[in-house]
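J.: My questions will all concern the structure given below.
Residue numbers (the numbering used here): 304 to 419.
Structure (structure tokens):
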């Protein structure tokens with residue numbers, strides 16, 4: 304895995320802007336949680352979708368596609384939580400499980416590259 308520094312900087316600069324949008328869009332009980340949670344989730348997926356490059360073409364395409372899909376899912380779920388004002392515990396559990404599932408699939412995708 305190689306890190307592309309320019310696109311990683313773009314991802315680092317784009318995620319706080321998106322997180323600030325969720326911060327301004329929400330009410331005070333969930334405001335800080337949505338801001339911090341969306342930054343972590345969106346940066347993780349954007350980093351692996353535009354900030355990294357793998358040695359094999361297949362792994363590169365698979366990781367980027369999966370990362371963009373999870374990026375879209377995380378934006379949609381953050382919008383969903385912003386509109387419905389659900390409980391903090393539900394937000395933490397849903398996004399925590401989704402992030403762990405994303406990291407597990409990412410691990411298996413990159414592991415198959417090493418064994419092939």
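Backbone N, C-alpha and C define an ideal beta-carbon position, used for all residues, glycine too.
From what residue to what residue does the alpha helix (DSSP H) around residue 362 run?
T.: Run containing residue 362: 360 to 387, per the alpha helix (DSSP H) assignment.
J.: Is the separation between the beta-carbon of residue 369 and that of residue 343 shorter than 8 Å?
T.: Cβ distance not < 8 Å, so residue 369 and residue 343 don't count as in contact.
J.: Could you tell me the distance, in whole angstroms, from the CA atom of residue 319 to the CA atom of residue 350?
T.: Taking the straight line joining both Cα atoms gives about 13 Å.
J.: Could you round the C-beta distance between residue 385 and residue 329 to whole angstroms and report it? I think they count as a contact, below 8 Å.
T.: The Cβ separation is near 5 Å, so the contact holds.
J.: How should residue 381 be labelled, buried or exposed, when 16 other C-beta atoms within 10 angstroms of its C-beta is the threshold for buried?
T.: Under this definition residue 381 is a buried residue.
J.: According to the Cβ coordinates, are residue 315 and residue 357 closer than 8 Å?
T.: Not closer than 8 Å, so no.
J.: Excluding sequence positions up to five away, which residues of its chain have a Cβ less than 8 Å from the Cβ of residue 412?
T.: If we look at residue 412 and ignore the five residues flanking it on each side, its Cβ neighbours are 362, 365, 366 and 369.
J.: For residue 330, name the three-state secondary structure that DSSP assigns.
T.: Of the three classes helix, strand and coil, the one that applies to residue 330 here is coil, per DSSP.
J.: Please report the straight-line C-alpha distance between residue 337 and residue 375, rounded to a whole angstrom.
T.: About 16 Å.
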